[in-house]
Amino acid sequence: MAALFPTCLGDLVAPDMVEHAQIALVRCGVDVQPVRGATCCGQPAFNAGFHAQARRVARVTLRALAQTTGPIIVPAGSCAAMMSRRWGELFAGDRDAPLAHAVAARVVEFTSVLAQHLDALERHELRWSGTVGYHDSCHMLRELRLSAEPRAVLRSVRDLELVPLASSDRCCGFGGTFSVRYPEVSVAMADSTLDDARAAGVDALVSADPGCLMQLGGRADRTHNGPRVLHVATLLHEAGLR
Amino acid sequence: MSTDPLPETTFAERSRAQLARPFLRQAVPRATDTAVKDLRARFADHDYEGLRELGRQIRSRTIADLDGYLGQLVTAFAANGVQVHRAADAAEAREHIRRICREAGATRVVKVKSMATEEIALNPALEADGLQVTETDLGEYVVQLDGDTPSHIIAPIIHKTRGEIRESLSRVAGRELPDDAAELTGFARETLRDAFMDADVGISGANFGVAESGTVVLVTNEGNGRMCTSMPRVHISLMGIERVIPALEDLAVMLPLITGAGTGQLITSYVTMLSGPRREGEPDGPDQMHIVLLDNGRRALLGTEFQDVLHCIRCGACQNVCPVYRQVGGHAYGWVYGGPIGAVLSPLFRGQAVGGELPQASSLCGACDDICPVKIPLHDLLLRLRRQRVDADAAPRRERLAADLWAWAWSSPWRYRLVTRCVGAGVRVAVGIGLVGRLGPLGSWARGRTLPMLARRPFHARRDLDD
Chain D
182 MAALFPTCLG
192 DLVAPDMVEH
202 AQIALVRCGV
212 DVQPVRGATC
222 CGQPAFNAGF
232 HAQARRVARV
242 TLRALAQTTG
252 PIIVPAGSCA
262 AMMSRRWGEL
272 FAGDRDAPLA
282 HAVAARVVEF
292 TSVLAQHLDA
302 LERHELRWSG
312 TVGYHDSCHM
322 LRELRLSAEP
332 RAVLRSVRDL
342 ELVPLASSDR
352 CCGFGGTFSV
362 RYPEVSVAMA
372 DSTLDDARAA
382 GVDALVSADP
392 GCLMQLGGRA
402 DRTHNGPRVL
412 HVATLLHEAG
422 LR
Chain Z
14 MSTDPLPETT
24 FAERSRAQLA
34 RPFLRQAVPR
44 ATDTAVKDLR
54 ARFADHDYEG
64 LRELGRQIRS
74 RTIADLDGYL
84 GQLVTAFAAN
94 GVQVHRAADA
104 AEAREHIRRI
114 CREAGATRVV
124 KVKSMATEEI
134 ALNPALEADG
144 LQVTETDLGE
154 YVVQLDGDTP
164 SHIIAPIIHK
174 TRGEIRESLS
184 RVAGRELPDD
194 AAELTGFARE
204 TLRDAFMDAD
214 VGISGANFGV
224 AESGTVVLVT
234 NEGNGRMCTS
244 MPRVHISLMG
254 IERVIPALED
264 LAVMLPLITG
274 AGTGQLITSY
284 VTMLSGPRRE
294 GEPDGPDQMH
304 IVLLDNGRRA
314 LLGTEFQDVL
324 HCIRCGACQN
334 VCPVYRQVGG
344 HAYGWVYGGP
354 IGAVLSPLFR
364 GQAVGGELPQ
374 ASSLCGACDD
384 ICPVKIPLHD
394 LLLRLRRQRV
404 DADAAPRRER
414 LAADLWAWAW
424 SSPWRYRLVT
434 RCVGAGVRVA
444 VGIGLVGRLG
454 PLGSWARGRT
464 LPMLARRPFH
474 ARRDLDD
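Residue numbers (this note's numbering), protein chains in the order written: chain D, 182 to 423; chain Z, 14 to 480.
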């Protein structure tokens, strides 16, 4: 049995995406149940330097996750990285440090799980007509080193043309509190990513991180200038993985 | 620690000014992308990752015993007839250099591009003494003509158009120079040639100082480094104390790392190695060679969680890949060092009070970690500076309040559900009546982006219905 941690952003802002992720996992034969009582990994406060506050929130999530067994699947690259790579530091010297290490070791990012079930994805004969660019989540790419996995998942969809983007590994400008602290710079960074995707002529810009999606989607929506911005899980849903 | 003045503007104000320059946002990405592309292409057949690891080891080993290696360096310099001066801060370093110029009876000074001399704001001090100072790196020369400052560690005029450069050089020429890179460079070369011939003192930085041999190493592409350090009677090298490396053989690793990471070159056009003034029977070289060893906040970092930043070899690669630097350029950072390394060095060298906001001016994407030739964990250092700012109670009160409120609401599943439901409803109302622009961070977000609505049925609510 695996556990699905929606993350706060997934839960509150992108619940459809979390549903799509859950369905995708089940259809690929992964026995998965959403976690109860978990809220957030603590990343917003951790990155802003507020460790005590981050620990207070992460502890609730940690203890909820500790009630589960098996892999903890996270459909948000940055949150998965926070738990895998930063919880050790966040809980260093804390009474929950051993628990944090044990739970962090079970965390896996959503597309990396699907990438182990490519045969199952193929069997579903998914179809999505159009060109797609994949945008790397910075922490998923640089802290978890996951870049081939989400692309392999996208390639399992028929009629979908995955085009390389020069900007795929350049930050979209979200950066948590950075996005509201320096909105002009943050938006300029989003434009840089979106302009590149438009130049490549993609129909959709796809990512595996609700943070990037909120940033890029929010900017694309405001400028009414495309492309569509969606999560890998939502694209799979549209491609017929229902 | 230096007490030199700093701008009173904020990063937000400076970055807005830079964002308003469309040229900057074309030129900086173009130049920096080229440097990174060249690095990848030229090192494709080399074990660049292996080289980075060797570089990290050399720097780490050296800084771990900085005083030991500095002692060796000073002894070796002395044996080579080099006069060594130690400067605790910028003011002392300026004082040493002014005194050496005075004692040499100098009137004209030529300079090799050096960030250390920018760090101590040397030129205004020398000019106040009546010295005529000429920057001889083409980019720095243009910066000087314009009364500007460099905006990139190795590409000082990355922020200027060719048209602007032509205007500056035309002013010196007293005639309209043609809009042609080769012609403009040719004019600068001729003008600078006279400056080399007439100079009494040549001032350089130091890319490395080799402890075992007492050698200053300079990498340049224009040949001006060689001219400045060999033609004038006196050569002064200003070297950050951390730039020492143990042995000449370490250059086999450090040279390709600095030139590769800096300009995408396997080696620069000129590598100058200086081990003392002109000796008996030698036809050329300066009569005196001086080294000024600059601390200016460096030694204080030894033994702290920020020690790794002393491994930096000032190649500028982290600026080249930084998505924030790419948009706003180096001047937005407010002090000599821009980009990720600047966001780390400024608060460490100048204090959290003045540099404390710079670590916030990063999206923490980590691209700098992946490019740094000596693997400095810049992402971690930025996080530590943010934490230090909070621990020192230097963060604004409203930020702490926001973090406390968030932690209170998010640390209980039922509070989390209740609060987000209320906030969601409140935001919908605020958006409905057009007040969202005043809602602090939400208003900031809404400037240029559609605000994501909290779902009326969040995932946790859907699940409850399933049960």
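The beta-carbon is built from N, C-alpha and C at its ideal position, and this holds for glycine as well.
Which residues in chain Z sit within 7 Å of Pro196 (chain D), going by Cβ to Cβ distance? Locating residue 196 (chain D) in the first sequence gives position 15, counting from the first residue. Around Pro196 (chain D), the beta-carbon contacts reaching into chain Z at under 7 Å are Ala468, Arg470, Pro471, Phe472, Arg475.
On the CB-based measure, 16 or more other CB atoms within 10 Å of its CB, does His405 (chain D) come out buried or exposed? Here residue 405 (chain D) is taken as the residue at index 224 of the first sequence, counted from 1. In this structure His405 (chain D) is exposed. Its beta-carbon is surrounded by fewer than 16 other beta-carbon atoms within 10 angstroms.
At 3 residues or longer, and completely inside the stretch 165–231 of chain Z: list those beta strand (DSSP E) runs for me, N to C. Segments of the beta strand (DSSP E) lying fully in the stretch 165–231 of chain Z: 214–217, 221–223.
DSSP three-state call for Asp480 (chain Z): helix, strand or coil? For the purposes of this step, residue 480 (chain Z) is taken as the residue at position 467 of the second sequence. Note that Asp480 (chain Z) scores a pLDDT of 43, beneath 50, so its modelled location is shaky; the value from the coordinates is reported in the next line. Looking at Asp480 (chain Z) - three-state DSSP - the assignment turns out to be coil, as it is neither helix nor strand.
Residues in the stretch 448–468 of chain Z having any Cβ partner in chain D nearer than 9 Å: Cβ contacts with chain D: Gly453, Pro454, Leu455, Gly456, Ser457, Trp458, Ala459, Arg460, Gly461, Arg462, Thr463, Leu464, Pro465, Met466, Leu467, Ala468.
Hey, which unbroken runs of the beta strand (DSSP E) at 3 residues or more fall wholly within the stretch 309–368 of chain Z? If you keep only unbroken beta strand (DSSP E) runs of at least 3 residues inside the stretch 309–368 of chain Z, you get nothing at all.
Could you please give the first and the last residue of the uninterrupted alpha helix (DSSP H) stretch that includes Ala79 (chain Z)? Sequence index remark: in the second sequence, residue 79 (chain Z) carries index 66 (1-based). Position check: residue 79 (chain Z) holds Leu in this sequence, whereas Ala was assumed. Residues 79–92.
If I follow the unbroken beta strand (DSSP E) through Arg409 (chain D), where does it start and stop? Mapped onto the first sequence, residue 409 (chain D) falls at position 228. Here the beta strand (DSSP E) through Arg409 (chain D) covers 409–412.
Could you tell me whether the stretch 236–246 of chain Z touches the stretch 259–271 of chain Z, using the rule of 3 or more Cβ pairs below 8 Å? Touching, no.
Give the interface partners of Ala408 (chain Z) over in chain D, defined as CB-CB distance under 9 Å, in chain order. Translated into positions along the second sequence, residue 408 (chain Z) becomes position 395. Ordered by position in chain D, the residues that pass the 9 Å Cβ test against Ala408 (chain Z) are Ala229, Gly230, Phe231.
Of all the residues that make up the stretch 320–354 of chain Z, which are near chain D by a beta-carbon distance shorter than 7 Å? Flagged, chain order: Pro336, Val337, Gln340, Val341.
Val403 (chain Z) at chain D interface by Cβ criterion, 7 Å: The sequence position of residue 403 (chain Z) within the second sequence is 390, counting from 1. Yes, Val403 (chain Z) counts as interfacial toward chain D.
Member of Z:Ser28, Z:Leu19, Z:Val230, Z:Gly68 whose CA lies at the smallest distance from the CA of Phe90 (chain Z): As a working mapping, residue 90 (chain Z) is identified with position 77 in the second sequence. Nearest of Z:Ser28, Z:Leu19, Z:Val230, Z:Gly68 to Phe90 (chain Z), Cα basis: Z:Val230.
Just the chain Z side, please: which residues come within less than 7 Å of Cys319 (chain D) by C-beta, in chain order? By one-based count along the first sequence, residue 319 (chain D) stands at place 138. Close partners of Cys319 (chain D) in chain Z (Cβ separation under 7 Å): Cys378, Gly379.
From which residue to which residue does the beta strand (DSSP E) around Arg462 (chain Z) run? Residue numbering aside, residue 462 (chain Z) sits at position 449 when the second sequence is read from its first letter. Careful: Arg462 (chain Z) lies outside any beta strand (DSSP E) and carries neither H nor E.
Specify the secondary structure class of Leu335 (chain D) as computed by DSSP and reduced to three states. On the first sequence, residue 335 (chain D) is found 154 positions in, with the first residue counted as 1. Residue state, collapsed to three classes: helix.
With distances taken Cα to Cα, identify the nearest neighbour of Gln373 (chain Z) among D:Asn228, D:Gly314, D:Leu206. In the second sequence, the residue the question calls residue 373 (chain Z) occupies position 360. The option with the nearest alpha carbon to Gln373 (chain Z) is D:Asn228.
Determine the contact status of Glu131 (chain Z) and Val341 (chain Z), defining contact as a CB-CB distance below 7 Å. Taking the first residue of the second sequence as position 1, residue 131 (chain Z) is located at position 118. Taking the first residue of the second sequence as position 1, residue 341 (chain Z) is located at position 328. Remark: C-beta atoms of Glu131 (chain Z) and Val341 (chain Z) do not approach each other more closely than 7 Å.
For a test of the three-state rule: what should DSSP assign to His405 (chain D), helix, strand or coil? Taking the first sequence and counting its residues from 1, one reaches residue 405 (chain D) at position 224. In the three-state DSSP reduction, His405 (chain D) falls in the coil class, being neither helix nor strand.
Within chain Z, partners of Asp340 (chain D) - CB distance below 7 Å: Sequence index remark: in the first sequence, residue 340 (chain D) carries index 159 (1-based). Those within 7 Å of Asp340 (chain D) in chain Z number zero; the least Cβ separation is about 29 Å.
Rounded to whole angstroms, what's the CA-CA distance from Val288 (chain D) to Thr249 (chain D)? Just pull it up for me. By one-based count along the first sequence, residue 288 (chain D) stands at place 107. By one-based count along the first sequence, residue 249 (chain D) stands at place 68. Going from the Cα of Val288 (chain D) to the Cα of Thr249 (chain D) covers about 12 Å.
Same chain, Cβ closer than 7 Å to Asp382 (chain Z), five either side skipped, listed in chain order: Residue 382 (chain Z) sits at position 369 when you count from the first residue of the second sequence. The beta carbon of Asp382 (chain Z) lies closer than 7 Å to those of Pro390, Leu391, His392 in the same chain, with the five residues before and after it left out.
Compute the Euclidean distance between the alpha carbons of Asp372 (chain D) and Gln31 (chain Z), then round it to the nearest angstrom. To locate residue 372 (chain D), count along the first sequence from 1; it is residue 191. To locate residue 31 (chain Z), count along the second sequence from 1; it is residue 18. If you draw a straight line from the Cα of Asp372 (chain D) to the Cα of Gln31 (chain Z), it is about 16 Å long.
Please report the straight-line C-alpha distance between Met182 (chain D) and Val284 (chain D), rounded to a whole angstrom. Position 1 of the first sequence holds residue 182 (chain D). Position 103 of the first sequence holds residue 284 (chain D). The alpha-carbon atoms of Met182 (chain D) and Val284 (chain D) are separated by roughly 15 Å.
In this structure, does DSSP put Val207 (chain D) in helix, strand or coil? Position 26 of the first sequence, counted from the start, is the residue given in the question as residue 207 (chain D). Helix.
Counting only the same chain and skipping the five closest in sequence on each side, list residues whose C-beta sits under 7 Å from that of Arg240 (chain D). Here residue 240 (chain D) refers to the residue found at position 59 when the first sequence is read from its first residue. Excluding residues within five positions, the ones whose Cβ falls inside 7 Å are Asp277.
Less than 8 Å between the CB atoms is what I'm expecting for Val199 (chain D) and Phe472 (chain Z), so what's the real figure, rounded? For the purposes of this step, residue 199 (chain D) is taken as residue 18 along the first sequence, with counting starting at 1. For the purposes of this step, residue 472 (chain Z) is taken as residue 459 along the second sequence, with counting starting at 1. Your pair Val199 (chain D) and Phe472 (chain Z) checks out as a contact, with CB atoms roughly 5 Å apart and the cut at 8 Å.
Whole angstroms is fine: what's the gap from Asp479 (chain Z)'s alpha carbon to Leu335 (chain D)'s? Numbered from 1 along the second sequence, position 466 holds the residue referred to as residue 479 (chain Z). Numbered from 1 along the first sequence, position 154 holds the residue referred to as residue 335 (chain D). With a pLDDT of 49 at Asp479 (chain Z), under the threshold of 50, the modelled position of that residue is not reliable, and the figure given next carries that caveat. When rounded, the distance between both Cα atoms is 30 Å.
If you draw a straight line from the C-alpha of Leu343 (chain D) to the C-alpha of Arg256 (chain Z), how long is it? Translated into positions along the first sequence, residue 343 (chain D) becomes position 162. Translated into positions along the second sequence, residue 256 (chain Z) becomes position 243. Those two C-alpha atoms are separated by around 46 Å.
Closest Cβ-Cβ distance between Gln234 (chain D) and chain Z: below 7 Å? Counting from one through the first sequence, the residue named residue 234 (chain D) turns up at place 53. Closer than 7 Å to some Cβ of chain Z, the Cβ of Gln234 (chain D) qualifies, so yes.
Since Tyr429 (chain Z) is in the alpha helix (DSSP H), which residue starts that stretch and which ends it? Stepping through the second sequence from its first residue, residue 429 (chain Z) is reached at position 416. That run of the alpha helix (DSSP H) goes 426–445.
Three-state secondary structure (DSSP) of Gly298 (chain Z): Here the question's residue 298 (chain Z) lines up with position 285 in the second sequence. Coil at Gly298 (chain Z), not helix or strand.
Coil, strand or helix - Met128 (chain Z) by DSSP: Start at 1 with the first residue of the second sequence, and residue 128 (chain Z) comes out as number 115. Under the three-state reduction of DSSP output, Met128 (chain Z) falls in the helix class.
Rounded to a whole number of angstroms, what is the C-alpha to C-alpha distance between Arg266 (chain D) and Gly258 (chain D)? Taking the first residue of the first sequence as 1, we reach residue 266 (chain D) at position 85. Taking the first residue of the first sequence as 1, we reach residue 258 (chain D) at position 77. It is roughly 12 Å from the alpha-carbon of Arg266 (chain D) to the alpha-carbon of Gly258 (chain D).
Can you tell me whether Asn406 (chain Z) is buried or exposed? The criterion is at least 16 other CB atoms within 10 Å of its CB, across all chains shown. Here the question's residue 406 (chain Z) lines up with position 393 in the second sequence. According to the sequence shown, residue 406 (chain Z) is Asp rather than Asn. Exposed: under 16 other Cβ atoms inside 10 Å.
Using beta carbons (cut-off 7 Å, strictly below), is Phe291 (chain D) in contact with chain Z? Taking the first sequence and counting its residues from 1, one reaches residue 291 (chain D) at position 110. Not flagged as an interface residue toward chain Z: Phe291 (chain D), since no C-beta distance is shorter than 7 Å.
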